[in-house]
Amino acid sequence: MKSSTIRTFQTVHTWTGLLAGFALFIAFYAGALTVFHHDIALWQNPPWRGTPAKNVPVQTLIDHLLQTHPKARENFGIVLPPPGTSQAPYAYWNDGEEHFATADALEHPVDDEGATRGNLADFVYALHDSLGIPVVGLYFMGIVSVIYGLALISGLLIHLPQLLGDLFALRPGRNLKRLWQDAHNVIGVLSLPFHIIFAITGALMCLFVPLFAALNLIAFDGKLDGAFAKAIATAPVVTASGKPATTLPADVLMARAKAAALATGVSTFEPDYIHFSYYGDANALVQIRGLSQHTLGTYGTIALHGASGDVLERHIGDTHSVNGITNSSMYALHFGSFGGRTVQWLYFLLGLAGAFLFYSGNLLWIESRRKRRHTEQPRKTLVMARATIGLCIGSCLGIALSFTATALADLTHIPPALPQSLAFYGCVTLAIAYTCLRPIPRAASELLRITAAAYILTSAFDLIRNSDAWTAAWTAQTTAVLFVDLTGIALGVGFIALARATKKRARAGEANSVWAETPSYAMADESSLQITK
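Spelled out as structure tokens, the structure:
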């Protein structure tokens, strides 16, 4: 390529990366944790801390719902908790307004976020997909995903001419900028296929509603609603017969759905949602959605006749329609839910590597604009350095403290939703303010140490808190909670290593830098004083 063309792509890559970088750092770091959504839910509510009142059978919840809200029988759903947790199942129905409620709270339904409000795993997920900001944040992250795609394409084109020669070139030494550049390039190129998947699926999931509306108006003459509903349908269309008939108990229906799913060849089927239409009618329809491992279409649905339990349709494994497998695969590829623990750990590492890409990209931008022979650096590099420290390290600390807030809220028996939000957003705000008040290298090192302490202390506290579980009968749930704590300690150790490297860079690195603890002119003044003495 011509040098002018490469410079153009470098400009596109730089500015798209900077524009989307901060939001993508939070999305990737929170996304790495979201891979273990089920494990975080277990960490918050392990079975040994559950109370009998929470462990309400699904059928009891259904009976209670229909007694207090009989009109809900036409259309309602039951969201099942992750297996092994002490969370309660909750009902969802719509009578013109959305309602969510557990069995214990049916007389006082909670609003919008419903019975999952305060769920730490859902809070971390919300940070990943919308920065925790409903609707607007989701659309914003969709736009960010599109910009992210442009950064990927331009970055690939920049490195394409020397791709093979520089792919594994890690050149340690005194030139730290070159080392960071090499690490940035090799991680970006090796993980490129995954980043393309994340960019495409992220944009589609976040911008689905506006894209749907635009296509409906421009290409489908207003008929897309019906066509789309038919394309993604997982059950036949039924109408109420008006004849009463007993709908089979929920446990029986789930057992039949699981048997029907396993008969298609999938290895597992764990129901997570049940939808009822015309409950108690002779034409009652039940759709049971479940998660299967080791298949790209991880979520599948079995449709049953409510009164007889006969299987009406299967949409799982090899029986998925093209539309169904496309939709299910999009989510599986984005969240890494298709390959068990091995793929989960791979996606976790890819998430951390992605966060590193955007953090290192900002550092490279700062270093590229550093005036090497001047003690005073441009204001834009100082602003970018403070923003990078405050937002990136502050968000890592905020997520750690949201775990801390959840644990303390459980001890004090207060709803954890508000403490989680205050811990994250308050921490990010304070971190930004802190970097504006402290010298840049000291702020970076100190915030990294505080972040490390937050992860290690929270994990250690939980290990001590669950000490009885470690000596009791060992279960899969025990292992999951333990690994969350050990991962927290490992992250803390990683932040300690970053803090030490930052401190070393501040003391022994090039003096004319925003990361230098003692600028060169101060060193010169100190030397002059010593000579005078």
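Numbering (the UniProt record's numbering), first residue to last: 1 to 533. C-beta: ideal position from N, C-alpha, C; glycine also.
Q. Per DSSP, what kind of secondary structure is Ser368 in: helix, strand or coil?
A. Shown here, Ser368 sits in a helix according to DSSP, grouped into three states.
Q.
Restricting to runs no shorter than 4 residues, where is the alpha helix (DSSP H) found entirely within the segment 260 to 343?
A. Counting whole runs of 4 or more residues, the segment 260 to 343 contains the alpha helix (DSSP H) stretches 322 to 335.
Q: Can you have a look at Glu367 and say buried or exposed, based on whether 16 or more other CB atoms are within 10 angstroms of its CB?
A: With a 10 Å radius around the Cβ and a threshold of 16 neighbouring Cβ atoms, Glu367 comes out buried.
Q | Reference Phe461; option with closest CA among Ser277, Gly488, Ala501 and Leu150 | A | For Phe461, the closest alpha carbon among the candidates Ser277, Gly488, Ala501 and Leu150 is that of Gly488.
**Q.** Buried versus exposed, by CB contacts within 10 Å (16 or more), Thr239
**A.** Counting of Cβ neighbours within 10 angstroms places Thr239 among the exposed residues, the total staying below 16.
Q) Who are the Cβ neighbours of Glu113 in its own chain at under 6 angstroms, not counting the five residues just before and after it? A) Here Glu113 scores only 42 on pLDDT, less than 50, and its place in the model is too uncertain to base an answer on.
Q | Residue from Ala229, Glu74, Thr342 and Ala214 with nearest C-alpha to residue 573 | A | The displayed coordinates of the chain run from 1 to 533. Any statement about residue 573 would go beyond what the structure contains.
Q. Apart from the five residues just before and just after Ile456, which ones in its own chain have a Cβ nearer than 6 angstroms to its Cβ?
A. Excluding positions up to five away in sequence, the list reads Ile489 and Gly492.
Q. Under 9 angstroms, do Ala282 and Pro244 count as touching if we go by C-beta distance?
A. Cβ distance < 9 angstroms, so Ala282 and Pro244 count as in contact.
Q: Check whether the Cβ atoms of Ile496 and Tyr29 lie closer than 9 angstroms to each other.
A: Against a cut-off of 9 angstroms, the Cβ pair of Tyr29 and Ile496 comes out as no contact.
Q: Determine the burial state of Val79: buried for a count of at least 16 other Cβ atoms within 10 Å of its Cβ, exposed for fewer.
A: If you draw a 10 Å sphere on the C-beta of Val79, you find 16 or more other C-beta atoms in it, and that means buried.
Q.
Give me the residue from Leu304, Ala233, Val146 and Lys230 with the minimum Cα distance to Arg256.
A. For the options Leu304, Ala233, Val146 and Lys230, the alpha carbon positioned closest to that of Arg256 is the one of Leu304.
Q | Beta-carbon contacts of Arg507 that lie in its chain and below 7 angstroms, excluding the five residues immediately before and after | A | If we look at Arg507 and ignore the five residues flanking it on each side, its Cβ neighbours are Glu517.
Q: Answer yes or no: the CB of Val35 versus the heavy atoms of the ligand ATP, is any distance below 8 angstroms?
A: The ligand ATP is absent from the structure shown, which contains no ligands of any kind.
(Q) Restricting to Cα atoms, I'd like to know which of Leu482, Lys230, Arg438 and Leu120 is closest to Phe424. (A) Of the listed residues, the one whose Cα sits closest to Phe424 is Leu120.
**Q.** Span of the alpha helix (DSSP H), counted from its first residue to its last, around Ala91
**A.** Secondary structure note for Ala91: it is in no alpha helix (DSSP H), and the uninterrupted beta strand (DSSP E) holding it is Tyr90 to Asn94.
Q. According to DSSP, is Pro244 helix, strand or coil?
A. Three-state result, Pro244: strand.
Q: Kindly list the residues whose CB is nearer than 6 angstroms to the CB of Cys392, restricted to its own chain and excluding five residues on each side of it in sequence; keep chain order.
A: Closer than 6 angstroms at Cβ, skipping near neighbours: Phe25 and Tyr359.
(Q) I need the straight-line Cα distance from Pro441 to Leu204, nearest angstrom please. (A) In this structure, the alpha-carbon of Pro441 lies about 39 angstroms from that of Leu204.
Q) Pick from His315, Phe276 and Thr326: whose alpha carbon is nearest that of Ala307? A) Among His315, Phe276 and Thr326, the Cα nearest to that of Ala307 is on Phe276.
Q | Reduced DSSP secondary structure (H/G/I, E/B, other) of Ala53 | A | Any reading at Ala53 needs caution, since the residue's pLDDT is 43, under 50, leaving its predicted position unreliable; the model's value is listed next. Correct three-state label for Ala53: coil.
Q. Between Asp272 and Gly300, which are expected to be in contact by the criterion C-beta below 8 angstroms, what is the C-beta distance as a whole number of angstroms?
A. At roughly 11 angstroms, the Cβ-Cβ gap does not stay under 8 angstroms, so Asp272 and Gly300 are not in contact.
(Q) With three or more C-beta pairs closer than 8 angstroms as the rule, is the segment 258 to 272 touching the segment 314 to 327? (A) Result yes; three or more Cβ-Cβ pairs closer than 8 angstroms.
Q) DSSP on Glu97, reduced to helix/strand/coil? A) In the three-state reduction of the DSSP assignment, Glu97 falls in the coil class.
Q | Other residues of its chain near Ala27: CB distance less than 7 angstroms, five sequence neighbours each side excluded | A | The answer, listed in chain order, is His128 and Met141.
Q | Between the CA atoms of His320 and Ala235 - distance to the nearest angstrom | A | Each residue's CA atom was taken as its position, placing Ala235 and His320 some 12 angstroms apart.
**Q.** Proximity below 9 angstroms, CB of Gly336 to CB of Val35
**A.** Yes, the pair counts as a contact, with Cβ atoms nearer than the cut-off.
Q | Cut-off 8 angstroms between Cβ atoms - residues of its own chain near Arg438, not counting five sequence neighbours on either side | A | The residues Glu446, in chain order, have a CB closer than 8 angstroms to that of Arg438 in the same chain once the five nearest residues on each side in sequence are set aside.
Q: Please confirm if the segment 477 to 488 is in contact with the segment 416 to 431, defined as three or more CB-CB distances below 8 angstroms between the two stretches.
A: Because the criterion of three Cβ pairs below 8 angstroms is not met, the segment 477 to 488 and the segment 416 to 431 do not touch.
Q: Output the boundary residues of the alpha helix (DSSP H) element that contains Val12.
A: Going by DSSP, Val12 is part of the alpha helix (DSSP H) stretching over Ser3 to Thr34.
Q) How big is the Cα-Cα spacing for Val266 and Ala501? A) Going from the Cα of Val266 to the Cα of Ala501 covers about 48 angstroms.
Q | Between the CA atoms of Gly494 and Ser459 - distance to the nearest angstrom | A | Each residue's Cα considered, the two are about 14 angstroms apart.
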